[in-house]
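Participant: My questions will all concern the structure given below.
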Amino acid sequence: MNINKEEIYVTITPKPDTIFTDFFQQFNNATDYYFKDNLILDFSNFNISVNELNKFNKISEKKVALGTSFVIIKKEIDLDQIPEELIVVPTFQEAIDMIEMDEMTRSLDF
Numbered sequence: 128m129n130i131n132k133e134e135i136y137v138t139i140t141p142k143p144d145t146i147f148t149d150f151f152q153q154f155n156n157a158t159d160y161y162f163k164d165n166l167i168l169d170f171s172n173f174n175i176s177v178n179e180l181n182k183f184n185k186i187s188e189k190k191v192a193l194g195t196s197f198v199i200i201k202k203e204i205d206l207d208q209i210p211e212e213l214i215v216v217p218t219f220q221e222a223i224d225m226i227e228m229d230e231m232t233r234s235l236d237f
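Take 128 as the starting number for the sequence shown in my numbering and just add one per residue.
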């Protein structure tokens, strides 16, 4: 798992040869460490199913409750099968845009 910390977000990217269950456990441990940070989970080059994506729902809810963002990058996914609580976008730039919009909304105290 690769972790890259920027000013307003942390990007976590699984290594391509990682088994999902191993990654999910590693990610949960990292989430505890980065609980105050906005997180981008980059699945651009990782094969993941809708069912596997849905496992991040509780993490997303926790992040929102803490006042931080959680955005998943995944191309070619049927968004109709993704719960509303998960923010899934197709590109890295869109993930950054979502976090910036969330930050602006929080700063305006909406």
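By construction, the Cβ of each residue, glycine as well, lies at the ideal position given by its N, Cα and C atoms.
By alpha-carbon positions, which one of LEU166, ILE130, PHE147 and ALA192 ends up nearest to ASP224?
Facilitator: LEU166
Participant: Give me the residue from ASP149, LEU235, ASP236 and GLU227 with the minimum Cα distance to GLU133.
Facilitator: GLU227
Participant: If you follow the alpha helix (DSSP H) that LEU180 is in, where does it begin and where does it stop?
Facilitator: In the DSSP assignment, LEU180 falls within the unbroken alpha helix (DSSP H) covering 177-181.
Participant: Kindly indicate the opening and closing residues of the alpha helix (DSSP H) around ASN165.
Facilitator: Taken as a continuous stretch (DSSP letters only), ASN165 belongs to no alpha helix (DSSP H), as it is neither H nor E.
Participant: Relative to the C-alpha of THR138, which candidate in ASP144, GLN152, ALA157 and ILE209 has its C-alpha closest?
Facilitator: ALA157
Participant: Does DSSP put ILE204 in a helix, a strand or coil?
Facilitator: coil
Participant: Are the CB atoms of SER187 and PHE173 nearer to each other than 9 Å?
Facilitator: no
Participant: If you count every other CB in all the chains shown that lies within 10 Å of the CB of ALA192, and 16 or more means buried, which is it?
Facilitator: exposed
Participant: Please confirm whether LEU168 and ILE200 have their CB atoms less than 9 Å apart.
Facilitator: yes
Participant: Which whole-angstrom value describes the C-beta separation of MET128 and PRO143, a residue pair presumed to lie in contact below a C-beta threshold of 8 Å?
Facilitator: Contact flag wrong, Cβ pair sits at about 11 Å.
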